[in-house]
Each structure stands twice: as structure tokens, then as C-alpha cells.
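Residue numbers (my numbering): 2 to 529.
Below: one structure, written as C-alpha cells.
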């Protein structure tokens, strides 16, 4: 056998078992990190391993040369292994890290329309059911409009009757006012005429009195003249009296009396007419519609017209039925066919299709991470949607069935609004919610599973340039499902062990997983 193929016991042990010790590690750092302890392997001495190897060679029928070749091949493989080929070794690099808070919730309707019956009428047909999808304009239910048609006829007749009564009152008042106004005008005219006639009669009466006085004076002078003429003079003779003619005065007096009589007759007639018109005025001046009566009549007419309009509107709405004012999902139906729906009654509730969200619950420990306006992802079934946190309750919900609720406090409810809900969303189903709470751009990262924790803090195990395992204390920031952001303790290019086992300790030589799996045939591991 050539010298290059010769192998000593020491070579066998160093190649097959590069890290061998008879001591057990009393304090595993993964146990301190809270990882589940594994069953420990019992270490054996180099001499024992050599015996086992030789025995394996004999039993397996392998030649020394074949075994040496296998060991050399394994050693070459181990020398070439780095973080690119070792799945358990991670090269620290820079990545974008986004941290999300994961919780669960229930799909709910955020925007809801409560449909109130527009009329009081009998329901002829309910056209939808709970859970049904409706489109804007769809008929939700129909009414029997016969009663509303009869009611419209009734209120129209009543309105016409009230209007006729009001018109009659106004007409009577208008007629009386017209009569009183006309009579009042005549009264004023007659009063002027009577006054003029009285004045003329007074003048005539004064003229007659004046002529009568003159007549009496003339007659008195004539009487004296007659007496004087009849008395004999000194000669004893008498003479004819020189009398003034009174014929003309008498005629003038007669003419004036005739005129006065006519004036008095005219005055009497005008006074009679005046009295008649004054009576008309007196009879009609109080026949009028008072302001309060006018207001009452106007209000009555307005109410009658309103009743007619409402009845017409109700009939029209009943004939059209109740329709959806937006796309949505029927959440509840609170009326049945044949029942009477009242105008104040909610007959159904519809969730708006574009206003859907997820109600979630978080503990008080996560409360500091949540606020309105945060972006979120929602997973419902196999579909994912974008959303925004729009509500975080300020009142915790207490679990009445929990004995510790009063001491530990309740959970906080919140709600995410889904941005673009579609037809694949079902109200009431469960959903997963991922709420974005932080991001670090181009941060140094380590694998999520690589971080260990003990009483001294957070740390990782790295492999140095001499292939030795070293502990590095670190400080971490935000984290994702894959990575932790490292804020202190790491440098770009560091080799971090992903899955730390209980057998690893600082100073040990690192054995890559790929090398450990490349053990040559016949190499065995002895365990308890």
C-alpha cells in the first residue's frame, strides 16, 4: 500500500469525529433560550472510536485503501462547505424587514342601510332572503296598494269639501264687502246731495220770509193810506187812497213756495235713499272674514292639499315597491308576506358591498402597536385583501366566562376596512389579519430561528474564520416571519448558525450539516 493511502488511528478520529470530548455541557445555551432540550449523546474516546472503525472495516469487508479514499473525499467536502452550501449557516446581509401583528377576526359589514317601509300597507311579496346579494335598483318587497288607492280617493273628496266651504265663506264675505263698499259710496254722494238741497231750501225759505215781510209792510202802508183817504179833509171831502200794488209780491211768494216745496220733496227722497244705503252699510260692514279665520281656512286648505300629496306619494311608492339603493348583502329580513308594514318599521337591513371589514381582537400587550390608519392585510379563505385599521375600541371587552377576566383585564377590539371587497367575501366567516406595525429598509438581518435568549440577553452563534463557534450578543429591532433586524452586535458577512443544538458551545469546531450527512459507509455514532 502506498504511503499516501496510509492512515493512522489519530487521522481516523480527527477526520471522522473532529470534535470529541468525554465531558457533557452542563448548561446548554439553547435550553437557556427556552428551546426544547434534546437527548444528549454520550461521547467516547479516540481509542474507542479507532476500535469501532477497525471493527467496522473488518465486518464490512472494506479495504483500508477504500476507507481512506472515502475519508479523504469527506474531508475535501467539508473543506469546500460554506454558508452557500450549508443550509444551517446564514451570511448576514441587508434586507428590508416589515413587521406585522398577526391576529384573527370575523368578517363584518361596516356600512349598513336600514330599510324602513315608506308606506303603511300590506306586504304582497318579500323578494329577497338573508344572505342574498342584491344590486342597486333591485326590488326588495312589493305592497298591496288597494287600500292606499281608496285612501287617496277619500282625502281628495275631503279636500274638495273643505275647499268649497272655505270658498263659500270667502265669497259671502266678498259679496258683503262689495255691497257695503258700494252703499258707502252712495251714502257719501247722497249726503252731499241732501246737504245741497237743505241749503237751497233754506235759501228759498229765507227769500219767502223776506218777501212776506215786504208784503206785510206794503199791506200795512196801504191800510194807513186807505184810512187816511177815507177821513174827510177840512173841506169835508174824501179822496181815493193811493195804494201800492201787492200783486207782484204775492206772485213771487207763490213761485218761491213752489220751488221750496220741490226742494223739500227732493230732499225727502234723497234722505230716504240715504237712509236705505246707510242701512245696507250697517248690515254688511260686519260680514267679513277675520284674520284668524283667514289663517284657519288657509291652514285647512294647506293640510288638505298635503294629505292629498302624501296619499298620492304613498300610492306611488307602494306601486313601485321597496328597492335597493346600493349594491349589498341582505343581513336581516324583519317582515313576512301578508303582514302590514308601518312607515316607522325597519323591514330589512342590507350591508353595503363596498363597506366590508374584519373585526379583530388583540391583548393589552399588543395595544401599543395598533392605531387608526395603519395598513393591513386580510386573508379570507384563499384570497388576500388590502385594508386599513379604522377603529380601535377604547373599552376592553370582558369575557364573562373567564374567572381571571376581572384581574387580568379584557381584550381590545378593533376593525379593519377592506379597500376593494369582492364577491368572494362572506359575512361572518373567520379571517386572518396582518397589521403592518413597522419597517426597516436595508437593515442587517439574521434568521428568525437563529436568535437565542438567556439571562444575559439576546445572542447568536457565529462561525469565525477558523471555523470555530463563537457567541455574539446582539440587540434586535423589528422582525418578520423570516428575519430579525439587528441594531447592534453584527456585521455584514458574519456567518450565523440558524439552528443551534444543545451540543454547540463557544470554541467548538463547527461541523456543517452537509458534512455530517456525508459520513462514509461503516462510520457509526454511538449513543446511550
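The beta carbon of each residue, even a glycine, is placed where N, CA and C say it ideally should be.
Bear in mind the structure is a predicted one, so any value in this text is a computation, not a measurement.
- request: Would you list, in sequence order, the uninterrupted beta strand (DSSP E) runs of no fewer than 3 residues that lie entirely inside the region 263–289?
  value: none
message: Can you give me the C-alpha to C-alpha distance between residue 352 and residue 110, rounded to a whole angstrom?
response: 5 Å
- request: Keeping to the same chain, check which residues put their C-beta closer than 7 Å to that of residue 202; ignore five residues upstream and five downstream.
  value: 261, 264, 265 and 268
message: Would you call the region 442–461 in contact with the region 382–398, where contact means no fewer than 3 C-beta pairs closer than 8 Å?
response: no
query: Going along the chain, which residues of its own chain have a beta-carbon closer than 8 Å to the beta-carbon of residue 239, five neighbours each way excluded?
result: 230, 231, 232 and 233
- request: List the endpoints of the continuous beta strand (DSSP E) containing residue 416.
  value: 413–419
field: Strand pairing of residue 453, partner residues [DSSP]
entry: 460
field: Beta carbon of residue 103 nearer than 8 Å to that of residue 435
entry: yes
Bridge partner(s) assigned by DSSP for residue 387: 378
message: To the nearest angstrom, how far is the alpha carbon of residue 26 from that of residue 502?
response: Only weak support exists for where residue 26 lies, its pLDDT of 38 falling under 50; the coordinates are left without a value.
- prompt: Does DSSP put residue 494 in a helix, a strand or coil?
  reply: coil
task: Give every residue of the same chain whose Cβ lies closer than 7 Å to the Cβ of residue 313, excluding the five residues on either side of it in the sequence, and list them in chain order.
output: 153
message: Looking at the secondary structure, which residues open and close the beta strand (DSSP E) in which residue 362 lies?
response: 357–363
- request: Report back the beta-carbon spacing between residue 334 and residue 131 to the nearest angstrom; my notes put them in contact at under 8 Å.
  value: 6 Å
message: Rounded to whole angstroms, what is the Cα-Cα separation between residue 275 and residue 259?
response: 24 Å
- prompt: Mind checking whether residue 137 and residue 328 have CB atoms under 8 Å apart?
  reply: yes
message: On the CB-based measure, 16 or more other CB atoms within 10 Å of its CB, does residue 416 come out buried or exposed?
response: buried
- prompt: Applying the criterion that 16 or more other CB atoms from any shown protein chain within 10 Å of the CB defines a buried residue, is residue 496 buried or exposed?
  reply: buried
Residue 303 versus residue 158: straight-line alpha-carbon distance, rounded: 15 Å
- prompt: Per DSSP, what kind of secondary structure is residue 143 in: helix, strand or coil?
  reply: strand
- prompt: Is residue 506 near residue 470, with beta carbons less than 8 Å apart?
  reply: yes
message: So, at 8 Å on beta carbons, what are the nonlocal neighbours of residue 474 in its own chain, with the 5 sequence-adjacent residues on each side left out?
response: 457, 458, 459, 460 and 490
- prompt: How is the beta strand (DSSP E) around residue 108 delimited, first residue to last?
  reply: 94–110
- prompt: Under a Cβ-count criterion, where at least 16 other Cβ atoms within 10 Å of its own Cβ denotes burial, should residue 50 be classed as buried or exposed?
  reply: Note that residue 50 has pLDDT 41, beneath the 50 cutoff, so the model's placement of it is unreliable and the number below is only indicative. By the neighbour-count rule (16 or more Cβ atoms within 10 Å), residue 50 is buried.
query: Between the beta-carbon of residue 446 and the beta-carbon of residue 98, is there less than 8 Å?
result: yes
message: Can you look up residue 472 in the DSSP assignment and give me helix, strand or coil?
response: strand
message: Is it buried or exposed, residue 278, if we count other Cβ atoms within 10 angstroms and call 16 or more buried?
response: buried
message: Suppose the cutoff is 7 Å on Cβ atoms and the five residues either side in sequence are ignored; what does the same chain contact list for residue 484 look like?
response: 96, 98, 446, 447, 448 and 449
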